[in-house]
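See below for the structure under consideration.
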Amino acid sequence: MVMELTRDEIDDVLAGQIVGRLGLVDGSTPYVVPISYAYRDGDIYAHSAQGRKLDALRSHPEVCFEVDDVSSVDDWRSVIAWGYFEQLVGADAREGLDILLDRFRPVFAETGTEHPGAEIGMMRTLDIPRSASAGPDLGRPSSSAAVYRIRLETVTGRAERPR
């Protein structure tokens, strides 16, 4: 039987996963892409290389986000959320990157594997200096990548449990 999730259950699904699907509009074309993300204080944090996704987000910042937790065909939880893209710059981009790294480190520690150069790779991709003082250009559109936040405004969730 399908049931509605409570807000606490919705937050649990969003916080418990690391890959979701971002729905956006590219020109007049719907576009859905998987993203790795972190969820904190009601917002989604992610990063991306420059390209089609960031171009689309900048031109049409209203988005949809979907994540699910599936154990079997009759045992699952799913969340759909709507919100707005916000590119982070400077200290906000550094904070967003820290949120992402805080989320991904334990995931790789649990599996006994390491993301190949996760922290250094993200820092290089984002043109972030390794020193604690990230410059004001961090995350600017001229960087090779961007850290961004999706400010969620509406969330819904459903689940099915075996009888």
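Residue numbering for the sequence shown follows my numbering, starting at 1015 and increasing by one per position.
Think of the CB as a built atom: it goes at the ideal place given N, C-alpha and C, for glycine as much as any other residue.
Because the structure is a prediction, the values reported are computed rather than measured.
Please list the terminal residues of the continuous alpha helix (DSSP H) segment that includes residue i.
{"i": "G1065", "result": "Note, G1065: premise wrong, no alpha helix (DSSP H); not H, not E."}
{"i": "I1032", "result": "Counting along the chain, I1032 falls outside any alpha helix (DSSP H), and DSSP gives it neither H nor E."}
Measure how close the beta-carbons of residue i and residue j come, nearest whole angstrom, since I'm counting them as under 8 Å.
{"i": "V1077", "j": "G1056", "result": "Between G1056 and V1077 the Cβ distance is about 15 Å, and since that is not below 8 Å, they are no contact."}
{"i": "S1073", "j": "D1082", "result": "About 28 Å separates the two Cβ atoms, so there is no contact after all."}
{"i": "V1047", "j": "K1067", "result": "6 Å"}
{"i": "L1036", "j": "I1049", "result": "5 Å"}
{"i": "R1163", "j": "I1058", "result": "7 Å"}
{"i": "L1028", "j": "Y1053", "result": "4 Å"}
{"i": "R1177", "j": "V1016", "result": "Actually they do not touch by this definition, with Cβ atoms about 12 Å apart."}
{"i": "P1120", "j": "F1099", "result": "About 26 Å; that fails the 8 Å criterion."}
{"i": "L1114", "j": "H1061", "result": "6 Å"}
{"i": "T1168", "j": "A1095", "result": "7 Å"}
Select from the options the residue whose C-alpha is nearest the C-alpha of residue i.
{"i": "P1044", "options": "V1033, V1027, L1071 and L1166", "result": "L1071"}
{"i": "V1161", "options": "L1111, R1175, F1118 and A1105", "result": "L1111"}
{"i": "G1034", "options": "R1021, Y1051, D1026 and L1019", "result": "Y1051"}
{"i": "A1063", "options": "A1095, Q1101, S1042 and L1028", "result": "Q1101"}
{"i": "R1175", "options": "V1103, F1079, E1167 and D1089", "result": "D1089"}
{"i": "G1065", "options": "R1108, L1114, A1159 and G1104", "result": "A1159"}
{"i": "R1165", "options": "D1022, G1041, F1079 and D1069", "result": "F1079"}
{"i": "R1117", "options": "D1026, G1030, R1021 and D1022", "result": "G1030"}
Residues bridged to residue i by DSSP?
{"i": "R1172", "result": "E1018 and S1092"}
{"i": "V1084", "result": "W1090"}
{"i": "G1037", "result": "V1046 and C1078"}
{"i": "F1099", "result": "I1164"}
{"i": "I1058", "result": "Y1053 and I1164"}
{"i": "A1159", "result": "A1063"}
At what residues does the beta strand (DSSP E) containing residue i begin and finish?
{"i": "Y1045", "result": "T1043 to S1050"}
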